Amino acid sequence: MSTHQTYYVPAQSKWPIIATLALLITVYGLGSWFNDLKADRAESNGPLIFFIGALLIAYMMFGWFGAVVKESRAGLYSPQMDRSFRWGMSWFIFSEVMFFSAFFGALFYIRFWVGPWLDGDGAKGVSAMLWPDFEYSWPLLNNPDPKLYPAPEGVIGAWGLPLINTILLVTSSFTLTWAHHGLKKNNRKQTKIGLAITLVLGAIFLVLQAEEYIHAYTELGLTLGSGIYGATFFMLTGFHGAHVTMGVIMLTVMLVRILRGHFNAEHHFGFEGASWYWHFVDVVWIGLFVFVYVL
Amino acid sequence: MSAVIDDHGHAGHDHHHGPAKGLSRWLLTTNHKDIGSMYLWFSFCAFLLGGSFAMVIRAELFQPGLQIVQPEFFNQMTTMHGLVMVFGAVMPAFVGLANWMIPLMIGAPDMALPRMNNFSFWLLPAAFGLLVSTLFMEGGGPNFGWTFYAPLSTTYAPESVTFFIFAIHLMGISSIMGAINVVATVLNLRAPGMTLMKMPLFVWTWLITAFLLIAVMPVLAGVVTMMLMDIHFGTSFFSAAGGGDPVLFQHVFWFFGHPEVYIMILPAFGAVSSIIPAFSRKPLFGYTSMVYATGAIAFLSFIVWAHHMFVVGIPLVGELFFMYATMLIAVPTGVKVFNWVSTMWRGSLTFEAPMLFAVAFVILFSIGGFSGLMLAIAPADFQYHDTYFVVAHFHYVLVPGAIFGIFASAYYWLPKWTGHMYDETLAKLHFWLSFIGMNLAFFPMHFVGLAGMPRRIPDYNLQFADFNMVSSIGAFMFGATQLLFLFIVIKCIRGGEPAAAKPWDGAEGLEWSVPSPAPYHTFQVPPDMNDVHEHRKGTGGELTP
Ligand code: HEM
Ligand SMILES: [Cu+2]
Chain W
1177 MSTHQTYYVP
1187 AQSKWPIIAT
1197 LALLITVYGL
1207 GSWFNDLKAD
1217 RAESNGPLIF
1227 FIGALLIAYM
1237 MFGWFGAVVK
1247 ESRAGLYSPQ
1257 MDRSFRWGMS
1267 WFIFSEVMFF
1277 SAFFGALFYI
1287 RFWVGPWLDG
1297 DGAKGVSAML
1307 WPDFEYSWPL
1317 LNNPDPKLYP
1327 APEGVIGAWG
1337 LPLINTILLV
1347 TSSFTLTWAH
1357 HGLKKNNRKQ
1367 TKIGLAITLV
1377 LGAIFLVLQA
1387 EEYIHAYTEL
1397 GLTLGSGIYG
1407 ATFFMLTGFH
1417 GAHVTMGVIM
1427 LTVMLVRILR
1437 GHFNAEHHFG
1447 FEGASWYWHF
1457 VDVVWIGLFV
1467 FVYVL
Chain A
17 MSAVIDDHGH
27 AGHDHHHGPA
37 KGLSRWLLTT
47 NHKDIGSMYL
57 WFSFCAFLLG
67 GSFAMVIRAE
77 LFQPGLQIVQ
87 PEFFNQMTTM
97 HGLVMVFGAV
107 MPAFVGLANW
117 MIPLMIGAPD
127 MALPRMNNFS
137 FWLLPAAFGL
147 LVSTLFMEGG
157 GPNFGWTFYA
167 PLSTTYAPES
177 VTFFIFAIHL
187 MGISSIMGAI
197 NVVATVLNLR
207 APGMTLMKMP
217 LFVWTWLITA
227 FLLIAVMPVL
237 AGVVTMMLMD
247 IHFGTSFFSA
257 AGGGDPVLFQ
267 HVFWFFGHPE
277 VYIMILPAFG
287 AVSSIIPAFS
297 RKPLFGYTSM
307 VYATGAIAFL
317 SFIVWAHHMF
327 VVGIPLVGEL
337 FFMYATMLIA
347 VPTGVKVFNW
357 VSTMWRGSLT
367 FEAPMLFAVA
377 FVILFSIGGF
387 SGLMLAIAPA
397 DFQYHDTYFV
407 VAHFHYVLVP
417 GAIFGIFASA
427 YYWLPKWTGH
437 MYDETLAKLH
447 FWLSFIGMNL
457 AFFPMHFVGL
467 AGMPRRIPDY
477 NLQFADFNMV
487 SSIGAFMFGA
497 TQLLFLFIVI
507 KCIRGGEPAA
517 AKPWDGAEGL
527 EWSVPSPAPY
537 HTFQVPPDMN
547 DVHEHRKGTG
557 GELTP
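Chains as they are written, first to last, in the numbering used here: chain W, 1177 to 1471; chain A, 17 to 561.
(1) What separation, rounded to the nearest whole angstrom, lies between the Cα atoms of Pro1186(W) and Arg131(A)?
(2) Reducing DSSP to helix, strand and coil, say where His551(A) ends up.
(3) Can you check whether the C-beta of Ala257(A) is within less than 8 Å of a C-beta belonging to chain W?
(4) Check distances from the C-beta atoms of the stretch 156-184 of chain A to those of chain W and list, in chain order, the residues that come in under 7 Å.
(5) Using a beta-carbon distance below 8 Å, is Val530(A) in contact with chain W?
(6) Please report the Cβ distance between Gly52(A) and Gly112(A), rounded to the nearest whole angstrom; I am assuming they are in contact, meaning their Cβ atoms lie under 8 Å.
(7) Could you say which of His1444(W), Gly1449(W) and Val1420(W) lies nearest to Val1460(W) if we only look at CA atoms?
(8) Can you tell me where the alpha helix (DSSP H) holding Glu1247(W) begins and where it ends?
(9) Going along the chain, which unbroken runs of the alpha helix (DSSP H) with 4 or more residues stay wholly within the stretch 385-438 of chain A?
(10) When the Cα of Tyr1285(W) is compared with those of Leu99(A), Pro167(A), Phe103(A) and Gln266(A), which residue comes out closest?
(11) Among the residues of its own chain, which have a CB less than 7 Å from the CB of Tyr1453(W), if the five just before and after it don't count?
(12) Can you list, in chain order, the residues of its chain whose CB lies under 7 Å from that of Gly145(A), leaving out five sequence neighbours each side?
(13) Along the chain, where does the alpha helix (DSSP H) that runs through Lys1360(W) open and close?
(14) By alpha-carbon positions, which one of Gly1205(W), Asp1295(W) and Asn1341(W) ends up nearest to Asn1319(W)?
(15) Using a Cβ cut-off of 7 Å, which residues of the stretch 1236-1265 of chain W contact any Cβ in chain A, in chain order?
(16) Tell me, to the nearest whole angstrom, how far the beta carbon of Val100(A) is from that of Phe69(A); I am working on the premise that it is less than 8 Å.
(17) Name, in chain order, the residues that DSSP records as bridge partners for Gly470(A).
(18) Between the stretch 458-466 of chain A and the stretch 528-540 of chain A, can you find at least three pairs of beta-carbon atoms closer than 8 Å?
(19) My output table needs one value for Pro543(A): the three-state DSSP class, helix, strand or coil.
(20) What does the Cβ neighbour count give for Ala237(A), buried or exposed, with the cut at 16 atoms within 10 Å?
(21) Quick one: does Arg131(A) have its CB under 8 Å from some CB of chain W?
(22) In chain W, what lies closer than 8 Å to Gly329(A) by C-beta?
(23) Going by C-alpha to C-alpha distance, which of Phe1227(W), Trp1191(W), Phe1280(W) and Val1245(W) sits closest to Met1236(W)?
(24) Measure from the alpha carbon of Ala256(A) to the alpha carbon of each residue in Lys1323(W), Val1245(W) and Asp1458(W), then state which is nearest.
(25) Closer than 9 Å, Cβ to Cβ, to anything on chain A: give me those residues from the stretch 1272-1292 of chain W, in chain order.
(26) Please report how far the alpha carbon of Ala62(A) lies from the alpha carbon of Gly81(A), in whole angstroms.
(27) Which chain W residues sit within Cβ distance under 8 Å of Val199(A)?
(28) Select from Val240(A), Lys444(A), Ile189(A) and Met280(A) the residue whose C-alpha is nearest the C-alpha of Ala1278(W).
(29) Do we get a CB-CB distance below 8 Å when we pair Ile53(A) with the residues of chain W?
(30) With a 10 Å radius around its C-beta and 16 neighbouring C-beta atoms as the bar for buried, classify Arg1217(W) as buried or exposed.
(31) Residue range of the alpha helix (DSSP H) that Trp1267(W) falls in?
(32) Any idea which residues DSSP pairs Pro514(A) with across the strands?
(33) Cβ of Phe410(A) versus every heavy atom of ligand 1: is any distance shorter than 7 Å?
(34) Determine, using beta carbons only, whether Tyr1389(W) comes closer than 8 Å to chain A.
(35) Quick one: what does DSSP say Val580(A) is sitting in, helix, strand or coil?
(36) Show which residues of chain W have a CB atom less than 7 Å away from the CB atom of Val45(A).
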């Protein structure tokens, strides 16, 4: 509860409306692009529109977050505002958790029910009548209809790159916490080093992930179109990778801010918010490692 | 700390200003009242648009046979009607009410994250512009029903489905941000002494609604993303040929969908819980049980989704589990109805327009609840499913439920918003015409549904002709009546008897402690709620106990 006499009330801002336009242009461009690709139309202005939208989004992000950083630096935010940001960030992360839950849920549903049913087992085993020859296994190396969905020849084993990636990300969570401790103790050197190591680990993770994708596509025939194994695999790891990329960008901004002398031992929610996000991405990876790669 | 800030970060100027002039006031605003008004107007426009789609449907169904539209277009109308009503009319109306009223009810100066608030609103016109534009695209707009089951919405969808998917994404972003704002406001901006259990129920139900929104809108985003991948990138989430399953679509969709129906009704529960005490001149009966019942409903809403899928082929244990879990929801819902009725018991009742809508809400929503219970009986649902009985059910919970809740709220708070009393005679006329119209439109649907008339179909067997004609007449009546509502609101904005700060003598709550119309900025100094008596709790209490 507030102990303040009056509240913070911001004035008008142009950023939200720019953000709206940017998003609308982006999705419109993307949609036209996808549709033109699918219909094999030779000419498409989708990519151009998409590109303009994406530029606008970048401009908006710089502007909006820049304004917030400036206000924060000017000491305009009360502890109450700080708490609002905290609630905002926490619930945003919760919404992301639910987004991933949808895909994890799909994976479990497929593995525990759909697969066996298609093979003739369980309560709905009659579905086996569709493709009597189909045999279910996980990883799914034979699809019910291989003509429509050619199955992969192999999948990515857990104990190679994925294990290394797990170690990388878990370590990065620790180095980030170490950096945070540095900030709280006003040991900014520790913060810089910790943050830099975290970023390097995150970047290596992304490179290895890209390598894994190339391997899957070129050597294993494991693609988005190779049946439900590929679909769930790329959906989960792909969205996770996108989130790691976001996290790397956020932490890079934090490093730049630290180098410029922003934050102090008490006030550094920008940093904390970015690190919450990073830990969240890390936890999702653990789930991925266990349920997508190992089991 | 009392800085008013603009983009350039210099503080302090224009502290007690009123609204900015011209268009920029609306485009750039961070004021919860402006944003609330925009949400409400947007919602009303969507209501009229979605309503006109419904008029097309009812005109075609006026008689058996094909008269006015082709089946392809009919399908687009049912789809767009559902989508526009759910995402464009009902949800934004409640967000608008939340924006206007929550800060006033808890003694906050604004929403917690005002710029994000503006963003949430403006995304909606963008999303709906995109959605409605699909009607004019080659191949037509979405035609697969508002539930957009795969493979209708993937393999067999018109090209415009891609834009439909992105429109859903934009709406989802808007809803999630709006919900985060509500949670942050309620948890962080309450006036000193405004404990959680002193909050008006509208604030409580919205807090829980916001939680539901944050939990399930991302799941909706997930399911449309899987569709997008299936359509454009060759994945097989919803195709059994690749090891996926179309039923997976239904599970993920309804995991969102059932909580979604509570998102559309819980805020109405809250508003009605303020309105009934005000016009009964009695405190709300069973405040605490109302809070817990709302929580219970929200929890249960996560474990009943497959009652929409009884006939799709789920294992027997699934049928049983989802049947009993669904029936459980009737318990907390019954608690609420009991409390509303008990609040009225021996009250000194008067029936101004808000109360008329609220009482009709209690009665007619209960009818919808009962038909829901019938549908929840899995073996019976084998017959009812996808018939007009289901259409009758959800219209009874949505029209006299959600929509009447919104009308009741609008009349209740219009004096606070505009500073004028609305025209009570016209408002009562609006009520009675709506009441009769909607019952005429939807009650016969129970009968034709039980007799086997399928939903989402442009033509029907001759035996259903009479009831369908009655339905259509009622629907036209209900639809036309809403223009009267528009007239009443405009009239009220432009003039009328000046409203007192507290125009309803039985009303309670902080919103009535500020003048009418509410000044552009309110509660910049938080009111102290510490000495408000306990027995006031549940209606927000008053400044002077
Ligand atoms: C006692 C409470 C309720 C019960 C037991 C209940 C039960 C059900 C069941 C079993 C169905 C599926 C029928 C079928 O498709 O065969 C259904 C459909 C539906 N219900 Fe309810 N319901 C309840 C309350 C509500 C509320 C409060 C709302 C919204 C405000 C709502 C909105 C809907 C909608 C929109 C559908 C149709 C979905 C579609 O297929 O398009 N229900 N309900
Ligand atoms: Cu349901």
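We put the CB at the ideal spot given by N, CA and C, even for glycine.
Only a predicted model underlies this, so the values are computations on that prediction, with no experimental measurement involved.
Let me lay it out:
(1) Working through the first sequence from its first residue, we reach residue 1186(W) at position 10. Working through the second sequence from its first residue, we reach residue 131(A) at position 115. Pro1186(W) and Arg131(A): Cα-Cα distance of roughly 8 Å.
(2) As a working mapping, residue 551(A) is identified with position 535 in the second sequence. Reliability fails at His551(A), whose pLDDT of 42 lies under 50, so the model's placement of it is uncertain and no value is given.
(3) On the second sequence, position 241 is the one that residue 257(A) refers to. It does; some Cβ of chain W falls within 8 Å.
(4) Glu175, Thr178, Phe179 and Phe182
(5) Residue mapping note: residue 530(A) aligns to position 514 of the second sequence, counting from 1. No, its Cβ sits nowhere closer than 8 Å to a Cβ of chain W.
(6) Residue mapping note: residue 52(A) aligns to position 36 of the second sequence, counting from 1. Residue mapping note: residue 112(A) aligns to position 96 of the second sequence, counting from 1. Contact flag correct, Cβ pair sits at about 5 Å.
(7) Counting from one through the first sequence, the residue named residue 1460(W) turns up at place 284. For the residues His1444(W), Gly1449(W) and Val1420(W), the minimum Cα distance to Val1460(W) belongs to Val1420(W).
(8) Indexing the first sequence from 1 puts residue 1247(W) at position 71. Glu1247(W) -> alpha helix (DSSP H) spans Gly1222 to Arg1249.
(9) 394-400, 404-413 and 420-434
(10) Taking the first sequence and counting its residues from 1, the one referred to as residue 1285(W) is at position 109. It is Gln266(A) whose Cα lies nearest to the Cα of Tyr1285(W).
(11) Against the first sequence, residue 1453(W) aligns to sequence position 277. Ile1269, Gly1423 and Met1426.
(12) Taking the first residue of the second sequence as 1, we reach residue 145(A) at position 129. Once the five neighbours on either side are set aside, Gly145(A) has no close Cβ partner at all.
(13) Start at 1 with the first residue of the first sequence, and residue 1360(W) comes out as number 184. Start and end: Leu1337 to Lys1360.
(14) In the first sequence, residue 1319(W) corresponds to position 143, counting from 1. For Asn1319(W), the nearest C-alpha among the options comes from Asp1295(W).
(15) Ala1243, Lys1246, Glu1247, Ala1250, Leu1252, Ser1254, Gln1256, Arg1259, Ser1260, Trp1263 and Gly1264
(16) Stepping through the second sequence from its first residue, residue 100(A) is reached at position 84. Stepping through the second sequence from its first residue, residue 69(A) is reached at position 53. Indeed they touch by this definition, with Cβ atoms about 7 Å apart.
(17) Mapped onto the second sequence, residue 470(A) falls at position 454. The displayed chain sequence assigns Pro, not Gly, to residue 470(A). Pro470(A) is bridged to Thr403(A).
(18) no
(19) Walking along the second sequence from the start, residue 543(A) turns up at place 527. Coil.
(20) Within the second sequence, the letter at position 221 stands for residue 237(A). So Ala237(A) counts as buried.
(21) Within the second sequence, the letter at position 115 stands for residue 131(A). It does; some Cβ of chain W falls within 8 Å.
(22) Position 313 of the second sequence, counted from the start, is the residue given in the question as residue 329(A). Correct list: Lys1300.
(23) Mapped onto the first sequence, residue 1236(W) falls at position 60. Nearest of Phe1227(W), Trp1191(W), Phe1280(W) and Val1245(W) to Met1236(W), Cα basis: Trp1191(W).
(24) Taking the first residue of the second sequence as position 1, residue 256(A) is located at position 240. Among Lys1323(W), Val1245(W) and Asp1458(W), the Cα nearest to that of Ala256(A) is on Lys1323(W).
(25) Glu1272, Val1273, Met1274, Phe1275, Phe1276, Ser1277, Ala1278, Phe1279, Gly1281, Ala1282, Tyr1285, Ile1286, Trp1289, Val1290 and Gly1291
(26) Within the second sequence, the letter at position 46 stands for residue 62(A). Within the second sequence, the letter at position 65 stands for residue 81(A). Approximately 29 Å between the Cα atoms of the pair.
(27) Along the second sequence, one-based indexing puts residue 199(A) at 183. The answer, in chain order, is Trp1263 and Trp1267.
(28) Position 102 of the first sequence, counted from the first residue, corresponds to residue 1278(W). Ala1278(W) has its Cα closest to that of Val240(A), out of Val240(A), Lys444(A), Ile189(A) and Met280(A).
(29) Start at 1 with the first residue of the second sequence, and residue 53(A) comes out as number 37. The residue you asked about is not Ile; residue 53(A) is Ser in the sequence shown. For Ser53(A), the answer is no, since every Cβ of chain W falls outside 8 Å of its Cβ.
(30) Taking the first sequence and counting its residues from 1, the one referred to as residue 1217(W) is at position 41. Exposed, by the Cβ-count rule.
(31) Locating residue 1267(W) in the first sequence gives position 91, where the first residue counts as 1. Its alpha helix (DSSP H) spans residues Pro1255 to Tyr1285.
(32) Reading the second sequence from its first residue, position 498 is the one you call residue 514(A). DSSP output for Pro514(A) lists His436(A) as bridge partner(s).
(33) To locate residue 410(A), count along the second sequence from 1; it is residue 394. Correct: Phe410(A) has its Cβ closer than 7 Å to ligand 1.
(34) Within the first sequence, the letter at position 213 stands for residue 1389(W). Judged by the 8 Å Cβ criterion, Tyr1389(W) is not in contact with chain A.
(35) With chain A running from 17 to 561 in the structure shown, residue 580(A) is simply not present.
(36) For the purposes of this step, residue 45(A) is taken as residue 29 along the second sequence, with counting starting at 1. In the sequence on display, residue 45(A) carries Thr and not Val. Within 7 Å Cβ-Cβ: Gln1188.
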